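Undergrad:
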Amino acid sequence: MPSSTDSSATDVEASSENESPQIAALFLIRFDQKVGYTVAWKRSSVDVELDGAVEYKSLPSGLHTVKNDLVYFVHEGYAGLSAFASGAGSAEQRNANFVAVGILVPLSYGRLGRSWLHAPRLQKIASALAEDANAAALLEEFWSEQSKARPEGSSPKLEGKKGHSRARALSTLTAVIPSEQSLPPYHPALAILQYIDVFGPLVFRLQQAALLRKRILFMGSPPVKATCEFATIPITVSELLPPGADSLHRLRTLFSLGIHDIPLLEQLKSSNNNQSDGELPAQGWAACTTDEIIATKAQLYDIIVEIPHSYDADPDKRKWPSIKTSDGTRIRASQRDVQRFRLLQHELRKYDRYSDEANGDTEDGDDIALLSRSRSFEDDSSENESYDDTVAEPMTWSRLAYLGFMWWATAGEEKAYGSAERERDRELLGDLSDFQENGLHTAIIAYFHRSTSSLITNLAGIIEAADDEDDVDEQVLDIGRDDMSRIGLDTWSETDKAFLQEFLWIYFGRRAEVHGASLECCGVRIPVF
Numbered sequence: 094m095p096s097s098t099d100s101s102a103t104d105v106e107a108s109s110e111n112e113s114p115q116i117a118a119l120f121l122i123r124f125d126q127k128v129g130y131t132v133a134w135k136r137s138s139v140d141v142e143l144d145g146a147v148e149y150k151s152l153p154s155g156l157h158t159v160k161n162d163l164v165y166f167v168h169e170g171y172a173g174l175s176a177f178a179s180g181a182g183s184a185e186q187r188n189a190n191f192v193a194v195g196i197l198v199p200l201s202y203g204r205l206g207r208s209w210l211h212a213p214r215l216q217k218i219a220s221a222l223a224e225d226a227n228a229a230a231l232l233e234e235f236w237s238e239q240s241k242a243r244p245e246g247s248s249p250k251l252e253g254k255k256g257h258s259r260a261r262a263l264s265t266l267t268a269v270i271p272s273e274q275s276l277p278p279y280h281p282a283l284a285i286l287q288y289i290d291v292f293g294p295l296v297f298r299l300q301q302a303a304l305l306r307k308r309i310l311f312m313g314s315p316p317v318k319a320t321c322e323f324a325t326i327p328i329t330v331s332e333l334l335p336p337g338a339d340s341l342h343r344l345r346t347l348f349s350l351g352i353h354d355i356p357l358l359e360q361l362k363s364s365n366n367n368q369s370d371g372e373l374p375a376q377g378w379a380a381c382t383t384d385e386i387i388a389t390k391a392q393l394y395d396i397i398v399e400i401p402h403s404y405d406a407d408p409d410k411r412k413w414p415s416i417k418t419s420d421g422t423r424i425r426a427s428q429r430d431v432q433r434f435r436l437l438q439h440e441l442r443k444y445d446r447y448s449d450e451a452n453g454d455t456e457d458g459d460d461i462a463l464l465s466r467s468r469s470f471e472d473d474s475s476e477n478e479s480y481d482d483t484v485a486e487p488m489t490w491s492r493l494a495y496l497g498f499m500w501w502a503t504a505g506e507e508k509a510y511g512s513a514e515r516e517r518d519r520e521l522l523g524d525l526s527d528f529q530e531n532g533l534h535t536a537i538i539a540y541f542h543r544s545t546s547s548l549i550t551n552l553a554g555i556i557e558a559a560d561d562e563d564d565v566d567e568q569v570l571d572i573g574r575d576d577m578s579r580i581g582l583d584t585w586s587e588t589d590k591a592f593l594q595e596f597l598w599i600y601f602g603r604r605a606e607v608h609g610a611s612l613e614c615c616g617v618r619i620p621v622f
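Counting from 94, one number per residue, gives the positions in the sequence shown under the working numbering.
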């Protein structure tokens with residue numbers, strides 16, 4: 094869900110995106126039937142505590158049910174990545190051997206430390222250690238390579254075998270990389286196709302939640318790699334924001350959380366509560382967990398996203414994710430969100446066909462196969478797919494009555510109004526088939542960036558125009574139906590009206606009266622809500 098931020102920092106990051114980062118720590122986690130998870134081997138070049146923390150971060154609850162996985166986390170201001178693998182074990186080990194090989198990477202290498210560039214090596218080592226406990230030489234070899242690459246004078250702090258700042262979100266690389274260029278292997282943004290397939294029209298509600306800097310908790314089951322990646326797709330904002338809103342430019346990502354991270358969430362909650370009236374809200378965050386106990390502590394989050402076990406099953410067996418507020422109120426996509434998503438579906442299908450015709454077979458086989466198999470992109474008939482009230486806001490009686498009245502009173506003018514909305518949405522999306530195959534992921538992310546920029550640009554224009562009128566109360570903006578439509582929101586959605594009011598207050602410090610659709614008969618405006 095993605096606009097550009099600090100270009101200088103981004104340019105540096107983009108220029109070295111394919112260079113493997115220097116790791117700050119390397120460790121091996123094993124599961125012992127008697128004592129549980131232990132740090133069995135570790136090396137570190139920095140003063141950071143590993144025991145009693147990274148073993149739980151590296152092995153979320155339930156991970157033993159899968160063969161292998163990748164887990165992102167944060168630890169003491171470092172980005173962490175661990176590769177989990179299970180292998181055959183002795184009878185004493187209940188015939189199973191669980192290991193995780195993890196690293197910590199300084200955030201100077203980017204928001205995720207570009208840790209994913211080490212993923213293939215970590216997976217290889219973890220798989221070897223799961224099958225052969227004596228393969229620790231692979232760890233020594235990897236660490237030795239890192240030590241040789243480390244500048245002289247910064248030798249690592251070595252720690253023998255022993256039993257028992259702040260992370261940022263997805264790399265801003267995706268804000269500036271040309272859409273026709275591909276992302277490096279294992280980059281979390283490669284999950285964007287699966288993300289939009291799993292959430293459907295709900296992606297736009299998640300975009301709004303991220304923009305409002307909510308505390309967003311993704312609740313799922315192992316494997317956790319996909320859920321971690323879903324939680325690393327933030328919405329940044331542009332330079333059009335007023336001074337003082339710098340802290341809102343990025344959504345903090347906490348990645349995988351467990352019950353041992355509850356004190357951290359309580360601390361973040363406390364910092365939010367200590368703000369004075371009128372202050373901009375503290376940064377929100379996005380994270381994922383497999384621990385259901387965290388989901389029961391509603392005071393620790395604002396939005397919970399429950400991902401069903403069947404999210405990656407065959408289309409006819411899937412269930413939609415559930416998005417709720419901490420008080421249990423369900424969040425649904427607007428009718429305009431549904432239309433925007435159908436436009437995106439259409440472009441993805443067109444891209445799929447274009448790639449097949451141009452290449453015969455696609456290089457990005459897994460992702461394109463996803464488009465072909467998915468419930469959303471299966472065939473042309475999916476454009477007419479209806480979404481039940483667990484996904485989309487139902488068509489209200491007032492809206493139905495309004496549309497009927499407009500058809501009778503204006504002989505189709507309302508249809509033209511709707512066509513203008515669809516044309517604006519289509520123009521914002523663009524033509525995905527114009528991009529090279531490997532640039533599909535960045536093209537989609539660029540679309541979300543444009544959506545964010547369009548929102549801010551239009552609101553900045555509305556505020557400027559209002560402030561130029563001498564008789565307008567500068568503290569209260571009047572947002573009409575046409576304004577909402579141009580911004581890209583649903584004029585009939587109460588949720589969109591509330592979003593707009595909150596967004597204006599958070600980022601611009603302006604109160605607003607937001608008016609939705611209404612009837613006009615003989616020059617008299619008749620509200621329909």
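The beta-carbon is built from N, C-alpha and C at its ideal position, and this holds for glycine as well.
A quick note: this is a predicted structure, and the numbers were derived from the prediction, not measured.
#1: In the segment 180–237, which residue ranges form an unbroken beta strand (DSSP E) of at least 3 residues, counting only runs that do not cross its ends?
#2: Among residues of its own chain, excluding the 5 on either side of V603, which ones have a beta-carbon nearer than 6 Å to its beta-carbon?
#3: Where T158 and V139 are concerned, what is the direct C-alpha to C-alpha distance, given to the nearest angstrom?
#4: Can the beta-carbon of L152 be found closer than 8 Å to that of Y130?
#5: Please report the residue range of the beta strand (DSSP E) in which V132 lies.
#6: Could you work out which residue in L143, N190 and F191 is closest to Y171 when comparing CA atoms only?
#7: What would DSSP say about G532, mapped onto helix, strand or coil?
#8: List the residues that DSSP assigns as beta-bridge partners of E385.
#9: Roughly how many whole angstroms lie between the Cα atoms of L525 and A539?
#10: Along the chain, where does the alpha helix (DSSP H) that runs through A605 open and close?
#11: Grab the span of the alpha helix (DSSP H) containing K150 for me, first residue to last.
#12: Nearest CA to the CA of N190: which residue from W209, Q216 and D125?
#13: Shortest alpha-carbon distance to A426 belongs to which of E514, P487, V132 and T383?
#14: In the DSSP assignment, find the unbroken beta strand (DSSP E) run with S403 in it and report its ends.
#15: For Q216, which residues of its own chain have a beta-carbon under 6 Å away from its beta-carbon, when the five flanking residues on both sides are left out?
#16: Please name the residue or residues paired with Y600 in a DSSP beta bridge.
#17: How should Q568 be labelled, buried or exposed, when 16 other C-beta atoms within 10 angstroms of its C-beta is the threshold for buried?
#18: Taking just the CA atoms, how far does V147 sit from A133?
#19: When DSSP labels each residue in this structure, what does K417 get in the three-state scheme?
#20: Does the segment 390–410 come close enough to the segment 276–286 that 3 or more CB-CB pairs lie under 8 Å?
#21: Please give the ranges of any beta strand (DSSP E) in the segment 547–582, keeping only runs that are unbroken, at least 3 residues long and fully inside the region.
#22: For H608 and E385, I'd like the C-alpha separation in whole angstroms.
#23: Just to confirm the assignment, what range does the alpha helix (DSSP H) spanning L286 have?
#24: Express the C-alpha separation of K590 and F323 in angstroms, rounding to a whole number.
#25: At the level of alpha carbons, what is the spacing between I555 and L286?
TA: On the basis of the data shown:
#1: 189–199
#2: Mapped onto the sequence shown, residue 603 falls at position 510. Rather than Val, the amino acid found at residue 603 in this sequence is Arg. Excluding positions up to five away in sequence, the list reads L570 and L597.
#3: Position 65 of the sequence shown, counting from 1, holds the residue named residue 158. Position 46 of the sequence shown, counting from 1, holds the residue named residue 139. If you take the alpha carbons of T158 and V139, they lie about 33 Å apart.
#4: By 1-based counting over the sequence shown, the position of residue 152 is 59. By 1-based counting over the sequence shown, the position of residue 130 is 37. It is a contact, given that the beta carbons lie within the stated cut-off.
#5: What you label residue 132 is simply residue 39 of the sequence shown in a count that begins at 1. G129 to S137 is the span of the beta strand (DSSP E), which, as asked, contains V132.
#6: In the sequence shown, the residue the question calls residue 171 occupies position 78. Answer by Cα proximity: L143.
#7: Within the sequence shown, numbered from 1, the residue matching residue 532 stands at position 439. Here G532 sits in helix by DSSP.
#8: As a first step, residue 385 is located in the sequence shown; it is residue number 292 there, counting from the start. None, per the DSSP bridge assignment.
#9: For the purposes of this step, residue 525 is identified with residue 432 of the sequence shown, where counting begins at 1. For the purposes of this step, residue 539 is identified with residue 446 of the sequence shown, where counting begins at 1. Answer to the nearest angstrom: the Cα atoms are 11 Å apart.
#10: Here residue 605 refers to the residue found at position 512 of the sequence shown. Unbroken run through A605 is the beta strand (DSSP E), R604 to V607; no alpha helix (DSSP H).
#11: For this step, residue 150 is matched to residue 57 along the sequence shown. Taken as a continuous stretch (DSSP letters only), the alpha helix (DSSP H) holding K150 covers V147 to S151.
#12: On the sequence shown, position 97 is the one that residue 190 refers to. Nearest option by C-alpha distance: D125.
#13: Taking the sequence shown and counting its residues from 1, the one referred to as residue 426 is at position 333. Cα-wise, what sits closest to A426 is P487.
#14: Residue numbering aside, residue 403 sits at position 310 when the sequence shown is read from its first letter. Neither: S403 is in no beta strand (DSSP E) and is coded neither H nor E.
#15: Locating residue 216 in the sequence shown gives position 123, counting from the first residue. These residues qualify, in order along the chain: A176.
#16: For this step, residue 600 is matched to residue 507 along the sequence shown. Y600 pairs with nothing; no bridge assigned.
#17: For this step, residue 568 is matched to residue 475 along the sequence shown. With fewer than 16 Cβ atoms within 10 Å of its Cβ, Q568 is classed as exposed.
#18: Translated into the one-based positions of the sequence shown, residue 133 becomes position 40. Translated into the one-based positions of the sequence shown, residue 147 becomes position 54. Answer to the nearest angstrom: the Cα atoms are 12 Å apart.
#19: Residue mapping note: residue 417 aligns to position 324 of the sequence shown, counting from 1. In the structure shown, K417 sits in a strand (DSSP, three-state: E or B).
#20: no
#21: 569–572
#22: Taking the first residue of the sequence shown as 1, we reach residue 608 at position 515. Taking the first residue of the sequence shown as 1, we reach residue 385 at position 292. One C-alpha to the other measures close to 40 Å.
#23: Numbered from its first residue, the sequence shown carries residue 286 at position 193. Element bounds for L286: I285 to F292.
#24: Here residue 323 refers to the residue found at position 230 of the sequence shown. Here residue 590 refers to the residue found at position 497 of the sequence shown. Annotation: F323 to K590 spans about 26 Å, alpha carbon to alpha carbon.
#25: Stepping through the sequence shown from its first residue, residue 555 is reached at position 462. Stepping through the sequence shown from its first residue, residue 286 is reached at position 193. Going from the Cα of I555 to the Cα of L286 covers about 34 Å.
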